[in-house]
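Mapping the sequence shown onto full-length UniProt numbering, position 46 (from 1) lands on 46, and the numbers just tick up by one. Backbone N, C-alpha and C define an ideal beta-carbon position, used for all residues, glycine too. Bear in mind the structure is a predicted one, so any value in this text is a computation, not a measurement. Working notes for the structure below.
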Amino acid sequence: MNDERSADAAAAATEMKTPPDRSGIPFEVGAQLEARDRQKNWYPATIEKIDYDKERVLIHYRQWSRRHNEWFHWNSPYLRPLERVSLRRHGLNPSDSQPMFVSGTKVLACWTDCRFYPAKILRVNKDDSYTVRFYDGVVRTVKPTKVKPFQRKSRSEKNTVGSEGWEEGESEEEDCAVEEEEGKEKKTGEGRRRQH
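Structure representation (C-alpha cells):
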C-alpha cells in the first residue's frame with residue numbers, strides 16, 4: 001500500500017502544469033510578446049523563465065535593465081501577443097476580429113466628426129482600408145476599424161438628414177431641387193386662393 005502511495009506521489013511530482021493555449025503567445029523561453037508595466041504602458045518583452053509550479057513567467061522588458069524583470073501569472077491580461085500591436089499601429093486588425101466587407105456593400109463608415117454615416121464600399125485596398133462613398137457623394141478612404149455593418153434602422157441613419165435614397169443614386173441636391181419646386185407650387189396655389 002505504501003508503495004502505491006509513493007508511486008502516485010512520484011507520478012504527481014513529475015506531472016507538470018501546462019501553460020494555457022493563448023493565441024499568439026508561445027509559452028517558451030525566448031518567446032516574444034508584449035507586457036504591461038506598473039505605469040500601464042505596453043512594451044516589447046521576452047519570456048526569460050517559466051515557473052510551472054506557480055503557473056507564472058518571468059518577463060524581461062527588451063532594452064531595459066534586467067533589474068526590471070517581472071513575474072506574471074501566465075493567464076495575466078497584462079501579457080499579449082506582439083503582432084496585435086504592430087497590426088494596430090499600421091491601421092490593421094487581426095483577421096478574426098474585424099468583418100471583411102466586399103465592394104458594393106452598404107456599411108456605416110466613420111466621418112471626421114467621429115460619427116458613423118451610411119456609405120457604400122467602392123473598393124477594398126491592399127492595406128485592408130476601404131474606399132467608400134458616403135450618402136452625400138463624398139468619396140473617402142477609411143481604416144477597417146472605422147467601418148461597421150449597416151443595420152436597417154440604425155440611430156445614425158435615422159438622425160442623418162438627406163440620407164434617404166442615397167444608394168439608388170439620388171443626391172441631396174436633387175432632393176432639395178424637387179422640394180423647392182413643390183414649395184413654389186404650394187405658394188402659387190395659396191396665392192390664388194387668397195385672391196378669390
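Asked, Found
"Inter-stretch contact (C-beta, 8 angstroms, three-pair minimum) for the stretch 139-147 and the stretch 102-111", "yes"
"Nearest-angstrom beta carbon gap, residue 55 and residue 17 [assumed within contact, 8 angstroms]", "6 angstroms"
"CA nearest to the CA of residue 62, picked from 130, 123, 46", "46"
"3-residue-minimum beta strand (DSSP E) runs that sit fully inside the UniProt domain \"Tudor\" (25-85), ordered along the chain", "32-36, 42-51, 56-61, 70-73"
"Cβ neighbour criterion (16 or more within 10 Å) applied to residue 74", "buried"
"Which of helix, strand or coil DSSP assigns to residue 19", "coil"
"Which of helix, strand or coil DSSP assigns to residue 131", "strand"
"Residue 120 beta carbon less than 9 angstroms from that of residue 104", "yes"
"Supposed close pair residue 135, residue 117 - CB separation, criterion 8 angstroms", "6 angstroms"
"Nearest-angstrom Cα separation, counted from residue 67 out to residue 33", "19 angstroms"
"Supposed contact pair residue 25 and residue 58 - C-beta distance, whole angstroms, cut 8 angstroms", "Actually they do not touch by this definition, with Cβ atoms about 14 angstroms apart."
"Cα-Cα separation, residue 39 to residue 133", "42 angstroms"
"In DSSP terms, what residue 114 is bridged to", "In the DSSP output, where bridge partners are listed per residue, residue 114 has none listed."
"Whole-angstrom C-beta distance between residue 139 and residue 124, which should lie under 8 angstroms", "That pair is no contact at about 14 angstroms."
"Host beta strand (DSSP E) of residue 149 (start-end)", "147-149"
"Beta-bridge pairing of residue 108 - partner residues as DSSP gives them", "118, 148"
"Reference residue 37, options 29, 60, 122, 23, closest by Cα", "60"
"Spatially closest choice to residue 149 from 100, 77, 50, by CA coordinates", "100"
"Check whether residue 72 and residue 35 have beta carbons under 9 angstroms apart", "yes"
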